[in-house]
Amino acid sequence: MILTEGKKEKDKDPIDASKILSDFYVNFCNINHIKDYEKYIHSSESSQKGEENVKEFDDWCPVHEYIQKHKKISQYKFRKGVDEKREGFVYYYLRWPLLLFVFGYLFILSYGFLELDLQLFFSYLFRRGQRQHLRKKLHEANSYDEWKLAASELDRFLGNDKWMEDPQFDYYDYQLINKVLKLLRTYRENDNVEALKGVLETCVRSNFGGIENPRLYSQTYFGTKYLVDGYVTEVEKCLKYLINSSKISMQNKLFFFEYLIKNYGHSALCLSGGAAFAYYHLGVVKALLDSKLLPNIITGTSGGALIASLVCTRTDEELMALLVPELSRKITACHEKTFVWLKRWWKTGARFDAVDCAIRCTWFTRGSTTFKEAYERTGRILNISVVPDDLHSPPKLVNYLTAPDTVIWSALIASAAVPGILNPVPLMSKSSDGRLVPYSFGNKWKDGSLRTDIPINSLHMYFDVTYSIVSQVNPHIKTWFFSARGAVGHPVSHRKGKGWRGGFLGSAIEQYLKHDMIKWLRVLRDLELMPRPLGQDWTHVFLQKFKGNITIWPKTLPSDFFYILSDPDETRLSRMILYGQKATFPKLQFISHRMKIENLIKYGRLQAQLHYTKENHSNNPFYIILDRSNDKIASAE
């Protein structure tokens, strides 16, 4: 049953009102918008085969693509087109033998046994006695404060505190950092504004002197060099000093902070796809939100797009109340019985119905909210990655700049349209009269994870993102990542962090096997040996870029594979949120050093904009240059 916007649902087992906001029971679904979407979705079934319309120059593909019902396989293009076929009898006869050889070799190279050996190596050789007790205490911490205390205790036991006291380290320029630190402190204490500005213009930039090198945070469980801590703290003091200084005109102050933000860049949170694994993102978001480190720029793909949509359409206060296990009551995409969806899959090739998904997504997107409306409401920039149905057209990052009037739930469904799970769907835009119309003349789109799970390049192009926080939950991706020298908040367990994970020989073997597997996958792609199951080139699923400046890997369980296309109950969602938080705790110190400076720069720019506008153009709203995304940065002061 579809309820109109503003009405409330009845719940037999109401949730404690002190935990959940009132809109938890509100159904934001607009029945007219759903009818518009349904009308266009089903229009292709009655269209004539071969009908086409003109679309954007980079979006050439049929508008009303003919789908033969009751013949699921015929919906997809398994074979290459005439222009894509390769000539020559050698390619024709050796393609499949070579393909089978590569897959067989990759199967032999599977290193599950090696991973198991390395885990046993850690567990039994280096985690005994007091160390094991402290590690257990660390893993059992359920809050960030508990985790910090346990991590600091473990660092002291291992002698890592002595490493933090010594400023020397080969992976950053400690002499430069020490020199700049002294200059900043001297100029600030002597009230030398111009000299202080000159130093800050030089040193406030991304990874200055190597202070954002992950190695600086991979030698301890919590913290880094005291010199780095002191430098970040001093930069904060200097920025606050200039924000409050009356010795600089508002115009010069505005130019100064604009210059700093251009050099420093922006941070973004990237939420990967991964079907039901994506609910681990809720814990990552909660940990960042609790620490006031949640970036304003957020991107999501497939399942990650659902979480990103929830985050970017709610304020901080609303999110704090919604990131609870009771949220599982709103996750109902997989409500259908097996017989129902099997019948649909056999007829149409899709596990889910797009219209039903649209109805159930509207609560997460607060109805038919557009990307521009979400930005104006919360100041957060939502990005959703989608891929055209045409194999050769470029992917698209949908946001308030590229498609401001596009309805979020339509992009969310498109980003989850994995072949065999959900058929490609159009994006819908909100017209001036409030009706929904197809975007890009009806071009259809599908899951962004197929080619751009983590759209780092697009984020840099549109929003000058220079620092990416990636929450990665795709189960097939972790196989390709290996931290031989430790990771942020997870130092190597032996030789005081200077050893190799699993010993040098074990690390060398694992590194070789992983790179060799990637090499053979690239051979399959470049020689065009791979077939196209469900009409899709799947090589990009393994060969695209999946990590950022810092990558968070929530701990998953084998049972998660069984529920990969199931809705979580409260118990399972509670565990996933907790595991997402625990995976984020070791990274928060690294993230905070970056975000504290970035938030202060944005706050300084916002204050300068407000005062400059008030002084010079108070009667002309055309000159108001308030950046909406900075409205909630005031807490950084």
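Note that the sequence shown covers residues 1 to 637 in the UniProt record's numbering.
Even glycine gets a Cβ: it sits at the ideal position worked out from N, Cα and C.
Bear in mind the structure is a predicted one, so any value in this text is a computation, not a measurement.
Where residue i sits in the DSSP three-state scheme
i: Pro558; result: coil
i: Leu323; result: coil
i: Val355; result: helix
i: Pro568; result: coil
i: Ile509; result: helix
i: His490; result: strand
i: Tyr231; result: helix
i: Tyr467; result: strand
i: Ile477; result: coil
i: His335; result: coil
i: Thr551; result: strand
i: Glu38; result: helix
i: Val54; result: Residue placement at Val54 is flagged as unreliable, the pLDDT there being 42, under the threshold of 50; the coordinate-derived value follows with that caveat. Looking at Val54 - three-state DSSP - the assignment turns out to be coil, as it is neither helix nor strand.
Status (buried if at least 16 other CB within 10 Å, exposed otherwise) for residue i
i: Val54; result: Below a pLDDT of 50, predicted positions are generally treated as unreliable, and Val54, at 42, falls in that range; the measurement from the model is reported next regardless. The residue is exposed, with fewer than 16 neighbouring Cβ atoms inside 10 Å.
i: Phe277; result: buried
i: Glu212; result: buried
i: Phe585; result: buried
i: Ile359; result: buried
i: Asn599; result: buried
i: Trp363; result: buried
i: Ala508; result: exposed
i: Gln168; result: exposed
i: Phe339; result: exposed
i: Leu181; result: buried
i: residue 645; result: Residue 645 lies beyond the stretch modelled for the chain, which goes from 1 to 637, so this question has no answer here.
i: Ser272; result: buried
i: residue 638; result: No statement about residue 638 is possible, as the shown extent of the chain runs from 1 to 637 and does not include it.
i: Trp445; result: buried
i: Thr348; result: buried
i: Lys545; result: exposed
i: Val523; result: exposed
i: Ile31; result: exposed
Beta-carbon spacing of residue i, residue j below 9 Å
i: Asp155; j: Tyr221; result: yes
i: Ala487; j: Ser218; result: yes
i: Ile243; j: Ala268; result: no
i: Leu397; j: Thr452; result: yes
i: Ile552; j: Ser471; result: yes
i: Met320; j: Leu293; result: no
i: Ile41; j: Val425; result: yes
i: Thr233; j: Gln589; result: no
i: His384; j: Ala411; result: Note that residue 384 corresponds to Ile in the displayed sequence, not to His. Yes. Within cutoff.
i: Ile408; j: Thr313; result: yes
i: Ser302; j: Gly265; result: no
i: Ile261; j: Ile601; result: yes
i: Tyr144; j: Leu573; result: no
i: Asn457; j: Pro388; result: no
i: Gly420; j: Trp345; result: yes
CB contact check: residue i to chain D, cutoff 9 Å
i: His42; result: Of the protein chains in this structure there is only one, and it is not chain D.
Please list the segments of the alpha helix (DSSP H) lying wholly inside the stretch 144–210, counting only runs of 4 or more residues, in order along the chain. 144–158, 160–165, 174–189, 193–203
Whole runs of the beta strand (DSSP E) within the stretch 392–455, excluding any shorter than 3 residues: 396–398, 428–430, 436–438, 444–447
Quick check for students: name the residue ranges of the alpha helix (DSSP H) that lie wholly in the stretch 245–327, counting only runs of 4 or more. 250–264, 281–290, 303–312, 316–322
Taking 8 Å as the threshold, find out whether the stretch 152–166 comes into contact with the stretch 198–210 through three or more Cβ pairs. no
Should the stretch 421–437 be called in touch with the stretch 247–254, which here means at least 3 C-beta pairs below 8 Å? no
Counting pairs of beta carbons, one from the stretch 177–188 and one from the stretch 250–266, are three or more of them closer than 8 Å? no
Decide if the stretch 303–321 is in contact with the stretch 411–424; the criterion is three or more beta carbon pairs, one per stretch, under 8 Å apart. yes
Closer than 8 Å is the cut-off here; do at least three beta carbon pairs connect the stretch 272–287 with the stretch 388–407? no
Which parts of the stretch 357–387 are runs of the beta strand (DSSP E), unbroken and 3 residues or longer, counting only runs that do not cross its ends? none
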